[in-house]
Structure formats: structure tokens, C-alpha cells
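For the sequence shown, the residue numbers in my numbering are 4 to 286. Virtual Cβ for every residue (Gly too), placed ideally from N, Cα, C.
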Amino acid sequence: MQPRMVQPVGEVSTSGREPSSTEAPEEANIPSRRASPDLQVEREFRKWQLSIGYRVLARFGLDEGIAGHITARDAIEPTSFWTAPFGAYFGAVRSEDLLLVSEDGDVVEGDGPLNRAAFAIHSSVHRARPDVAGAVHAHGLYGKAFSSLHTELLPLTQDACAFYLDHGIHNEYSGVVFDSNEGEQIAAALGNAKAVILANHGHLTVGSSVGSAVWWFVTMERSMQAQLLAFAAGEPNVIDSETAAGTHAVVGPEDVGAFAFSALAKRIVFEQPDMSPPAGFLV
Ligand SMILES: [Zn+2]
């Protein structure tokens with residue numbers, strides 16, 4: 004059967020480029036944005052995704068005052084990352100508001116204060132995981148409640164299978180993370196997974212794109228909510244390991260996460276037309 008033709012999620016023009024090795028398999032019918040070989044273009048796209056990501060968190064009620072942060076690895080200086088100024092309202096973040104932070108924690112572009120906890124956590128994660136372009140952490144209500152249980156997310160639903168054998172738990176809460184030692188412990192607990200539960204705190208997700216990291220955060224929060232609801236209501240049936248692993252192979256890949264994020268991005272652009280993507284890109 005011929006695969007359905009789909010339009011790339013990201014750039015309009017893809018002429019002259021070969022599909023990347025991370026592109027979705029054809030049979031999956033999942034459009035995949037290809038990273039631009041023009042690093043300045045790629046930088047602007049990641050900044051736009053980062054701004055959209057903040058607005059997604061606000062739209063889903065996942066902001067909590069000044070808590071939480073998203074980072075995007077810079078396309079030009081990969082040891083640096085972009086993030087919003089400390090104290091920004093997530094629902095109004097724009098690309099031009101973002102800070103570029105060096106690996107030493109210096110703000111090298113943009114104006115505004117840097118959240119030191121964001122730096123302590125995210126710099127360690129970006130350093131430990133060169134494959135990661137985006138990292139998301141916020142204080143969602145259900146993520147917080149779930150994290151107090153010091154337990155794993157079970158494959159109770161199809162969506163939760165995205166995290167089956169694909170998340171870690173950092174089970175020691177010792178206060179607000181201000182030092183890189185704890186950041187490194189969090190990165191170690193994350194390992195090669197897409198998410199880590201931070202005890203008595205919340206959760207953190209990563210992705211090979213900023214978009215997929217945001218999607219994993221949102222859907223993990225909702226899967227945590229579903230697990231809390233299910234156990235409050237009765238004795239839920241856990242999906243068997245073989246089926247959970249097979250489902251993870253379908254709903255858990257990075258290109259699937261990026262595709263799912265594109266729907267959230269479309270929602271933000273639909274509701275907030277000033278957030279249209281940079282010239283030359285589709286949502
Ligand atoms: Zn936090």
C-alpha cells in the first residue's frame with residue numbers, strides 16, 4: 004500500500020535535501036520536520052517552538068507563578084540554550100524575549116534575569132544528553148501530586164505507553180535545585196529516557212526537538228492524572244509488558260511526539276495569530 008502523502012510540518016521548502024536518518028518511517032504516515040542546514044534559520048525555528056511551548060503550558064494550566072522552565076539548545080552554539088526570563092508569564096512569551104545562556108550560566112543575549120534553578124537542572128541535562136534539543140519542566144498539579152508517591156508511571160492506557168520503560172525517577176527531594184550536583188543527579192536519573200519524575204516536585208521531559216519535549220510533558224502530566232484517577236476509582240488493569248512495549252514503539256518515538264506537538268502549535272496559532280511561525284515555515 005502506498006503511504007499517504009503528507010506535507011512537512013516545518014519548512015515549506017525541502018528541495019535539495021535528503022531525508023534525515025531521524026525521519027519517520029514511511030509506513031508510519033507521520034510528517035516530520037527536517038532540521039534546516041541553515042543554522043540561523045534553525046535557531047529562529049527553535050526559538051519560535053520554545054515560545055509556543057511556553058504558551059502551550061499556560062494554555063493547559065501547567066504554569067504555577069514563576070515555577071517551571073523550557074530550554075532549547077542553540078543551533079549555532081550547541082553548548083548554549085535559550086529560555087524565557089525568570090518571572091515571565093508563560094502565556095505571553097515571544098521569541099524576542101528569550102535569553103541565550105552559555106554553559107557557564109552567563110546571559111549572552113537578551114535582557115532579563117536567569118532562573119538559577121533552571122540553569123542548574125537544564126544545563127546538566129543538556130550536557131549529559133547531546134541528542135536533546137529541548138527540555139521541559141513545570142509544576143503541573145497532577146505531576147506534583149504523582150511525584151509525591153515515589154512510584155513509576157504504569158502502562159494503564161495507550162497514551163501512558165509512551166513512557167513504558169522510558170522514564171526514570173529521582174527519588175530524593177532535598178530542596179530547591181540550585182547546584183549543579185543535583186542537576187547531575189537528575190540527569191543521571193533521566194539516563195537515556197524521555198522523562199524523569201522528580202520526587203515531591205514534578206516531572207521533566209526531553210526531546211530531540213523542542214516540540215516533542217513539550218508534547219511529552221503535556222501527555223505525561225495527563226497520564227499521571229489518569230493513573231491517579233484510576234487508582235482513586237478502583238483497581239485498574241495494567242497493560243501487559245509485551246503489549247505495552249509494542250504500543251511504546253508506536254506512540255513513543257520522537258517523530259510522533261513532534262507531530263503531536265504540531266497540533267498543539269496549531270491551536271496556539273489559531274487562538275493567537277500573532278504567533279504565526281517564522282517566514283518560510285508551516286506550523
Ligand atoms: Zn521545579
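Unbroken beta strand (DSSP E) run spanning Glu187, endpoints:
Segment 183–193 is the alpha helix (DSSP H) holding Glu187; no beta strand (DSSP E) there.
Just the C-alpha distance for Asp107 and Arg132, rounded to the nearest angstrom, thanks.
17 Å
Looking at C-beta atoms only, is the number of pairs between the stretch 101–119 and the stretch 159–177 that lie closer than 8 Å three or more?
no
Coil, strand or helix - Thr222 by DSSP:
helix
Which residue marks the beginning of the beta strand (DSSP E) containing Ala163, and which one marks its end?
Counted as a single uninterrupted DSSP element, the stretch harbouring Ala163 is not any beta strand (DSSP E), since DSSP gives it neither H nor E.
Nearest-angstrom Cβ-Cβ length linking Val135 and His142, presumed shorter than 8 Å
Actually they do not touch by this definition, with Cβ atoms about 21 Å apart.
Thinking C-alpha only, which one of Phe149, Gly90, Lys50, Ala70 is nearest Ala235?
Selected option, being the one with the closest Cα: Phe149.
Could you check what DSSP says for Arg76 in three-state terms: helix, strand or coil?
Residue state for Arg76 is assigned as strand, using DSSP reduced to three classes.
Identity of the residues DSSP links to Leu117 by a beta bridge
Partner(s): none; Leu117 has no beta bridge.
Inter-residue spacing [alpha-carbon to alpha-carbon] between His204 and Ala70:
Between His204 and Ala70, the C-alpha separation is close to 11 Å.
Nearest-angstrom Cα separation, counted from Thr86 out to Val209:
Between Val209 and Thr86, the C-alpha separation is close to 14 Å.
Specify which residues have a beta carbon nearer than 6 Å to any heavy atom of ligand 3, listing them in chain order.
With respect to ligand 3, the structure offers nothing, as its ligand set consists of ligand 1.
Hey, Ser39 and Glu45: beta-carbon distance below 8 Å or not?
yes
Helix, strand or coil for Ile172 per DSSP?
strand
Residues that Leu144 bridges to, as DSSP identifies them
Looking at the DSSP assignment, Leu144 forms no beta bridge with any residue, so it has no partner.
Are the stretch 87–96 and the stretch 166–173 touching, with three or more C-beta to C-beta distances below 8 Å?
no
If Ala282 sits next to Ala216, beta carbons under 8 Å apart, how far is it from one beta carbon to the other, in whole angstroms?
That pair is no contact at about 24 Å.
What residues match up with Ile200 in a beta bridge as DSSP calls it?
Answer is Ile172, His206, bridged to Ile200.
Glu47 by DSSP, collapsed to three states: which one?
helix
Beta-carbon proximity list for Phe63, same chain, < 7 Å, skipping 5 on both sides:
Val221
Reducing DSSP to helix, strand and coil, say where Leu157 ends up.
coil
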